Amino acid sequence: MKIIYDQNPPINMRNLLMKIGYHEHYDYKMKRSSFVSPLSSGYYPRFHIYTKDKHDGSIELDLHLDQKKASYKGTKAHMGESDSSNVLEEGARIQRWLDYARIQRR
Numbered sequence: 032m033k034i035i036y037d038q039n040p041p042i043n044m045r046n047l048l049m050k051i052g053y054h055e056h057y058d059y060k061m062k063r064s065s066f067v068s069p070l071s072s073g074y075y076p077r078f079h080i081y082t083k084d085k086h087d088g089s090i091e092l093d094l095h096l097d098q099k100k101a102s103y104k105g106t107k108a109h110m111g112e113s114d115s116s117n118v119l120e121e122g123a124r125i126q127r128w129l130d131y132a133r134i135q136r137r
């Protein structure tokens with residue numbers, strides 16, 4: 032699920048995601064940071080967000096649910112969901128926080 036925030040007004044996305052229960056995760060293999068929020072006491076299942084700065088100044092959040100770790104050696108594929116009801120509900124929750132942040136910054 033993709034969520035777009037147009038940066039008007041600008042916010043610190045890292046701080047907002049951490050405020051709503053995500054923590055930063057650095058993948059040394061991909062050399063990229065992302066944000067995760069586990070749904071249980073283990074590492075999986077977890078909500079997982081990649082952020083991307085777009086050319087128009089907006090930020091794209093790519094949200095999905097990782098069900099488990101990759102099961103094949105040498106692959107990055109895993110049991111992930113990007114359009115399940117759980118992901119849609121979490122996306123709506125994040126959107127409400129983005130809307131709230133927008134109102135507070137004006």
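Heads up: the sequence shown begins at 32 in the working numbering, then just goes up one per residue.
Yeah, the Cβ is synthetic: ideal placement off N, Cα and C, and Gly gets one too.
For clarity, every value in this text was computed on a predicted model and none was experimentally measured.
Between the segment 34-42 and the segment 61-75 there are fewer than three C-beta pairs closer than 8 Å, too few to call the two in contact. Counting along the chain, the unbroken beta strand (DSSP E) around residue 34 starts and ends at 33-36. With contacts defined as CB atoms closer than 7 Å, residue 75 and residue 99 qualify as a contacting pair. Under the three-state reduction of DSSP output, residue 50 falls in the helix class. If you look at residue 80, you'll find it in the beta strand (DSSP E) that goes 77-84.
Taking a 10 Å sphere around the C-beta of residue 134, we find fewer than 16 other C-beta atoms and assign the residue as exposed.
Per DSSP, the continuous alpha helix (DSSP H) segment holding residue 125 begins and ends at 116-136.
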